[in-house]
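Input: a single structure, listed below in structure tokens.
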Amino acid sequence: MIDITNLIITHGNKTCLQIDALQIPKQGAIALIGPNGSGKTTLIKCLTGIQKINTQAKLLINQKAFADYNNKQRAQLLGYIPQRFNPCWNQTVEELLALALSRTIVSSGVMIKVCQRFELMELLKRHWNILSGGEQARVLAAMAFMGDPALLIADEPGAALDVKHRLQLIEHLVAYGKQQLAIICLHELDLVFRYFQKVLLLDQGKLIFYGSTHDLINNPLLDQTFGVSFKRIKQNEGYLLYPELSNP
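Residues in the sequence shown are numbered from 4 upward in steps of one, following the working numbering.
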């Protein structure tokens, strides 16, 4: 579904992202990980059209250049949960969800189901600026899920959420990957190795691993990339990782 070749993003003399070749199938939940400054957000900006790509690069989604999709087609193709969202307007939750729905081809009944999933029914008449950070995060997630997009991208989703709603959101995203493609940028490696089967690992702007979490968990590349020594404890549903500084 996603086909990337010769992607290079630079700022001044610094190469922020370089991916020679990457192919991702049309279904699956994929965790995007890496240290700060590794290129995760830059890659997300490329995939969402926020970042203009170099002329030599090829970025295909469903065998079509992403640049060739018009705004309406992109809205139907892509769902995006940003890391931060600070609108200058103050609409109600219901108005925001209706706006998200208007850009899709799904029926209006979907809105009720999504609201129930993210516990938004009691918030529909509230305005954006009086919502808590966690409530805003749930609204953003609902807007992204609204159109059943072929590609759902989340940049550190639910950082403002409490533990319950954060885990629920991760579970929703992983479940979504059973039918469509979801790419989720995360810092919590415990969640990555508990919930995800596939992972993209970036370091210093380069893709250094793409494959199964099973293959990465015991790979010393994980420790080297994050600059720590991980103690790995196997659990029924994944691993607990306890980082220790390699050179305290």
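Note that the Cβ used here is the ideal one computed from N, Cα and C, for glycine as well.
Query: Beta-bridge partners of V195, as assigned by DSSP; Result: Per DSSP, none; premise fails for V195.
Query: Unbroken beta strand (DSSP E) run spanning F212, endpoints; Result: K209 to S215
Query: Secondary structure of P160, DSSP reduced to three states; Result: coil
Query: Nearest to Q207 (by Cα), restricted to the options L134, R141, I53 and I11; Result: I11
Query: Nonlocal neighbours in the same chain, by C-beta distance under 6 Å from Q21, ignoring five residues either side; Result: I11, G208 and K209
Query: The region 185-193 touching the region 153-170, judged by at least three CB pairs closer than 8 Å; Result: yes
Query: The region 96-103 / the region 55-71 touching (three or more Cβ pairs under 8 Å); Result: no
Query: Residues of its chain near Y245, where Cβ-Cβ distance is below 6 Å and the 5 sequence neighbours each way are ignored; Result: K234
Query: Selection from S111, N132 and Q139 that minimises the alpha carbon distance to L123; Result: Q139
Query: Uninterrupted beta strand (DSSP E) stretches inside the region 110-160 (no shorter than 3 residues); Result: 154-158
Query: Cross-strand partners of N13 (DSSP beta bridge); Result: The sequence given here has Thr at residue 13, not Asn. Per DSSP, T18.
Query: Span separating the alpha-carbon of G136 from that of A163; Result: 6 Å
Query: N-terminal and C-terminal residue of the beta strand (DSSP E) that A32 is part of; Result: G31 to I36
Query: Beta carbon of P152 nearer than 8 Å to that of L81; Result: yes
Query: Same chain only: Cβ atoms within 8 Å of A78, ignoring 5 sequence neighbours per side; Result: R106, T107 and G150
Query: From A103, F121 and A68, residue whose alpha carbon lies closest to that of Q171; Result: F121
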